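Just so you know, we're using this note's numbering here: the sequence shown kicks off at 15 and counts up by one.
Glycine included, every Cβ here is placed at the ideal spot set by N, Cα and C.
Since the structure is predicted, the reported quantities are computational estimates derived from the model, not experimental observations.
Presented below is the structure to which this report refers.
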Amino acid sequence: MIVVKEVEIDGKKISIETGRYARQANGAVMVRSGDTMVLVTAVAAQEAKEDIDFFPLQVEYREKHSAAGKFPGGFFKREGKPTEKEILSARLIDRPIRPLFSDAYRNETQIVATVFSYDGENDPDVLGALGASAALSISNIPFIGPIGEVRVARVDGKYIVNPTFAEVEASDMELVVAGTHDSIMMVEGDAKEVSEEEMLTALRVAHEAIQKLVLMQKELMAEAGVPKMEVKPKEIAAELIADVNALARDKYREIVAQVLSKEERAAANKALNTSVKEALAEKYPEQEKTIAALLHDIEKEEMRERILKDGLRLDGRNTRQIRPITIELGVLPRAHGSALFTRGETQSLCTLTLGTKNDEQLIDGLGEEYTKKFILHYNFPPFSVGEVGRMTGVGRREIGHGNLAERSLKALLPAEDVFTYTMRLTSDILESNGSSSMASVCSGSLAMMDGGVPVREGIAGIAMGLIKEGERYAVLSDILGNEDHLGDMDFKVAGTSKGITGFQMDIKIEGISFKIMEEALHQAKEGRMHILGIMNQAIDKPRADLSDYAPRIVSIKIPTDQIGALIGPGGKTIQKMQRDFNCEISVEDDGTVSIASPNNMWVQECKDHIKRMMQTAEVGEVYDGVVARLMDFGAIVEFLPGKTGLLHISEIDHKRVEKVGDFFKEGDKVRVILTKMEGGKFSLSRKQLIKKEPRKPEQPAEGIGEKAEQE
15 MIVVKEVEID
25 GKKISIETGR
35 YARQANGAVM
45 VRSGDTMVLV
55 TAVAAQEAKE
65 DIDFFPLQVE
75 YREKHSAAGK
85 FPGGFFKREG
95 KPTEKEILSA
105 RLIDRPIRPL
115 FSDAYRNETQ
125 IVATVFSYDG
135 ENDPDVLGAL
145 GASAALSISN
155 IPFIGPIGEV
165 RVARVDGKYI
175 VNPTFAEVEA
185 SDMELVVAGT
195 HDSIMMVEGD
205 AKEVSEEEML
215 TALRVAHEAI
225 QKLVLMQKEL
235 MAEAGVPKME
245 VKPKEIAAEL
255 IADVNALARD
265 KYREIVAQVL
275 SKEERAAANK
285 ALNTSVKEAL
295 AEKYPEQEKT
305 IAALLHDIEK
315 EEMRERILKD
325 GLRLDGRNTR
335 QIRPITIELG
345 VLPRAHGSAL
355 FTRGETQSLC
365 TLTLGTKNDE
375 QLIDGLGEEY
385 TKKFILHYNF
395 PPFSVGEVGR
405 MTGVGRREIG
415 HGNLAERSLK
425 ALLPAEDVFT
435 YTMRLTSDIL
445 ESNGSSSMAS
455 VCSGSLAMMD
465 GGVPVREGIA
475 GIAMGLIKEG
485 ERYAVLSDIL
495 GNEDHLGDMD
505 FKVAGTSKGI
515 TGFQMDIKIE
525 GISFKIMEEA
535 LHQAKEGRMH
545 ILGIMNQAID
555 KPRADLSDYA
565 PRIVSIKIPT
575 DQIGALIGPG
585 GKTIQKMQRD
595 FNCEISVEDD
605 GTVSIASPNN
615 MWVQECKDHI
625 KRMMQTAEVG
635 EVYDGVVARL
645 MDFGAIVEFL
655 PGKTGLLHIS
665 EIDHKRVEKV
675 GDFFKEGDKV
685 RVILTKMEGG
695 KFSLSRKQLI
705 KKEPRKPEQP
715 AEGIGEKAEQ
725 E
């Protein structure tokens with residue numbers, strides 16, 4: 015049975031269809047907006063996976079090039095491993111649905127969203143999240159949904175739901191919001207220094223649209239849904255629970271009350287866990303994993319209760335305090351800019367590398383190709399948390415954290431005509447105990463200032479947490495790793511002293527209220543201003559000069575009809591200039607020419623050379639040329655770059671010249687005047703610039719004078 019449901023949001027129709035495609039999946043829907051169509055399937059294993067303590071959910075998002083009428087790149091002309099865009103889109107689907115499964119559910123579950131049609135206007139990522147919720151909701155998989163997900167942009171003060179790409183480009187705020195009918199589940203986006211109130215307004219606009227999407231899915235469930243599979247929580251003997259509590263709860267309460275480092279706390283917890291397991295090993299010989307789970311729950315309960323009851327955290331701070339911060343600048347002498355930012359036991363070493371137009375990153379997706387001139391890469395090696403691990407490639411988490419930090423910093427990037435460099439920031443996390451992505455924002459901002467990038471002011475980031483039990487709750491500033499793991503929310507906010515530039519929120523409970531979000535945003539501002547104050551003490555404006563090791567770049571504009579002459583046949587002219595001046599030259603379609611070299615003198619010489627190339631030859635003008643070739647009848651002189659003329663043998667000197675080689679050799683400099691232009695050929699003269707020497711009177715032949723006198 016084919017069932018179709020539709021809803022209109024901001025004048026755009028969104029439809030969900032089921033029963034036509036992928037009918038062997040537990041749930042499958044085709045979501046459509048305009049001519050963008052995304053098929054989303056949900057499949058779960060029939061049996062639970064034994065001996066695991068996590069939910070094995072896998073979310074995949076794929077864009078077919080055929081959806082936009084394009085061929086994939088590469089030799090094989092076939093889609094390969096997921097791109098960064100696909101990974102980020104998969105995370106936008108994963109994060110809001112993951113908390114909405116039963117804690118006892120352990121069946122392997124896979125969501126696959128595939129873009130089959132793309133119209134160039136409607137972004138398929140939020141349609142993929144809507145489809146994931148719908149596919150799960152109508153299936154037998156025990157999903158506690160549905161949810162909706164939308165993108166909101168603000169253009170000229172107007173909030174637009176699911177904007178086109180053109181509208182996103184013109185906006186000063188873009189965020190993706192997911193939620194249930196009653197609350198928000200996830201937020202992610204960037205902005206150009208907006209206030210907390212403006213962001214809350216955008217969230218309310220988004221939630222109104224989400225409610226419509228949720229109601230549409232409920233209608234779909236009523237017609238196409240099937241009963242959910244039963245999930246039975248693992249039964250734990252009351253006696254075992256009592257025994258673990260008796261042995262561990264008071265001791266955990268003591269450990270939670272102590273101010274310990276991450277390493278010391280881990281050691282204390284491990285010692286307690288080991289002693290409890292040993293004490294109960296004989297009585298409960300096959301319950302080690304159950305005991306471990308109970309101990310984890312006790313630790314979580316005690317930490318949360320101390321915060322809610324006493325307002326004190328694991329490291330002794332109150333709910334609003336920020337950990338101690340230290341900043342060091344210029345720690346890497348050969349990097350173009352560097353900063354070491356340490357906040358508590360979280361440390362980021364960020365480096366800045368400046369490059370040319372040719373270093374920009376080419377992005378080839380479903381839409382038109384474009385390039386990025388600002389890139390931030392985030393690396394999280396295993397040693398940062400004192401572990402041994404494989405270092406094979408970049409994980410999804412690293413890509414997501416790097417993207418958040420990049421989006422948070424791009425708001426204050428200088429205009430391209432002010433700063434023509436391509437910029438790459440690399441944040442290497444050397445220690446981690448919470449909020450490493452926001453440490454990357456801080457270190458990235460500092461590294462740019464250290465490198466002389468003309469940003470107006472610094473940007474700082476902070477991660478907020480939440481502990482909520484019933485009506486009691488506490489919002490935490492600058493959370494630790496344990497507070498993230500054992501808490502209910504991770505809300506990251508970055509910005510300047512004037513407003514928010516980046517944000518991301520994930521929660522582990524079934525949504526939070528606007529009241530809590532408002533409190534978290536205002537508390538985040540308080541913490542952000544504190545961090546900015548410390549950063550400004552280290553450096554409050556960019557350095558006046560770039561690093562000695564950074565390339566020097568100048569730009570000039572040439573007529574567009576002269577681009578071909580600059581490049582030359584097969585690129586010969588521009589390649590020769592790059593060799594002669596040891597420069598890197600890039601040319602834009604609008605005639606902008608960028609010249610880069612480590613040596614400023616070479617850059618200026620190359621710039622002057624190009625200016626001469628662009629000069630228009632005029633009869634009567636004097637030029638300093640170079641002899642390019644000798645002929646029997648004269649010399650070929652390059653009087654302007656790329657322009658040659660004939661210096662005829664008769665125009666070399668006032669006196670008769672028998673052999674051109676007596677005057678010149680190839681490579682000699684010669685000053686000439688342009689005397690004639692005809693049919694693209696140029697005639698030059700040297701003798702017109704030389705003062706003609708007066709002719710000396712002829713001396714009489716020897717003996718003639720004497721003979722006359724004698725006569």
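- Between which two residues does the alpha helix (DSSP H) carrying valine 219 extend? 210 to 238
- To the nearest angstrom, how far is it from the Cα of arginine 404 to the Cα of proline 396? 8 Å
- Message: Short of 7 Å in beta carbon distance, which residues of its chain neighbour tyrosine 119, apart from the five on each side in sequence? Order them along the chain.
- Response: Phe69, Pro156 and Val245
- Just how far apart, CA to CA, sit arginine 76 and glutamate 163? 18 Å
- Message: In whole angstroms, give me the CA-to-CA distance for glutamate 135 and isoleucine 624.
- Response: 41 Å
- Message: Can you tell me whether phenylalanine 179 is buried or exposed? The criterion is at least 16 other CB atoms within 10 Å of its CB, across all chains shown.
- Response: exposed
- Query: Would DSSP call alanine 271 helix, strand or coil?
  - Reply: helix
- Touching or not, the region 408 to 418 and the region 282 to 291, by the rule of three or more beta carbon pairs under 8 Å? no
- Item | Backbone CA spacing between methionine 243 and asparagine 154 [nearest angstrom] | 5 Å
- Task: Give a yes or no on whether the C-beta atoms belonging to glutamate 181 and valine 191 are separated by under 8 Å.
- Result: no
- Item | Burial state of threonine 385 (16 or more Cβ within 10 Å) | exposed
- Hey, isoleucine 545 and alanine 474 are a contact pair by Cβ (cut 8 Å); roughly how many whole angstroms apart? 4 Å
- Message: Considering only heavy atoms of the ligand HEM, does any lie closer than 7 Å to the CB of leucine 660?
- Response: Inclusion of the ligand HEM in the displayed structure is not the case, the ligand content being empty and no account of it being possible.
- arginine 348: buried (16+ other C-beta within 10 angstroms of its C-beta) or exposed? exposed
- Could you pull the start and end residues of the alpha helix (DSSP H) that aspartate 324 belongs to? 302 to 324
- Could you check what DSSP says for asparagine 393 in three-state terms: helix, strand or coil? strand
- Item | C-beta contact flag for leucine 480 and valine 469 at 8 Å | no
- Near glycine 501, what residues of its chain come up, given a Cβ to Cβ distance below 8 Å and the 5 sequence neighbours on each side ignored? Arg318, Gly479, Leu480, Ile481, Leu490, Ile493 and Lys522
- Message: At the 8 Å Cβ level, is proline 338 part of the contact set with chain C, yes or no?
- Response: The structure shown contains no chain C, having only a single protein chain.
- Is it buried or exposed for leucine 376, if we count other Cβ within 10 angstroms and need 16 for buried? exposed
- For glutamate 382: DSSP bridge partner residues: According to DSSP, which records beta bridges pairwise, glutamate 382 is partnered with nothing at all.
- What does a CB cutoff of less than 6 Å around glutamate 720 pick up in its chain, not counting 5 residues either side in sequence? Only weak support is given to the placement of glutamate 720: the predicted model assigns it a pLDDT of 46, under 50, and the value that follows is read from those uncertain coordinates. No residues qualify anywhere along the chain.
- Task: Closer than 8 Å by C-beta to serine 275: which residues in its own chain qualify, once you throw out the five before and the five after it? Chain order, please.
- Result: Glu359
- Taking one C-beta from the region 361 to 373 and one from the region 436 to 453 each time, how about it: are there three or more such pairs within less than 8 Å? yes
- Nearest-angstrom Cα distance between leucine 189 and isoleucine 255? 44 Å
- Query: Taking buried to mean at least 16 other C-beta atoms within 10 Å of its own C-beta, is aspartate 378 buried or exposed?
  - Reply: exposed
- Determine the contact status of valine 201 and phenylalanine 517, defining contact as a CB-CB distance below 8 Å. yes
- Message: Please identify the residue among Asp504, Gly466 and Gly585 whose C-alpha is closest to the C-alpha of leucine 427.
- Response: Gly466
- Go ahead and label tyrosine 392 buried or exposed: buried means 16 or more other beta carbons lie within 10 angstroms of its beta carbon, across all protein chains shown. buried
- Message: Just to confirm, is the Cβ distance from aspartate 498 to isoleucine 553 under 8 Å?
- Response: no
- Query: CB-CB under 8 Å to lysine 621, same chain, minus the five flanking residues each way: which ones, in chain order?
  - Reply: Val568, Ile570 and Ile609
- With DSSP as the reference, label leucine 364 as helix, strand or coil. Strictly speaking, residue 364 in this sequence is cysteine, with leucine absent from that position. Looking at cysteine 364 - three-state DSSP - the assignment turns out to be strand.
- Please look up how many angstroms separate the CB atoms of leucine 150 and isoleucine 111, rounded, as I've assumed it's under 8 Å. 7 Å
- Item | Rounded separation between isoleucine 302 and glutamate 64 - CA only | One detail in the question is off: residue 302 reads as glutamate in this sequence, not isoleucine. Using only the alpha carbons, I get a separation of about 14 Å.
- Message: Looking at the secondary structure, which residues open and close the beta strand (DSSP E) in which valine 191 lies?
- Response: 187 to 193
- Query: CB-CB under 6 Å to glutamate 21, same chain, minus the five flanking residues each way: which ones, in chain order?
  - Reply: The displayed chain sequence assigns valine, not glutamate, to residue 21. Ile28, Lys226 and Met230, listed in sequence order.
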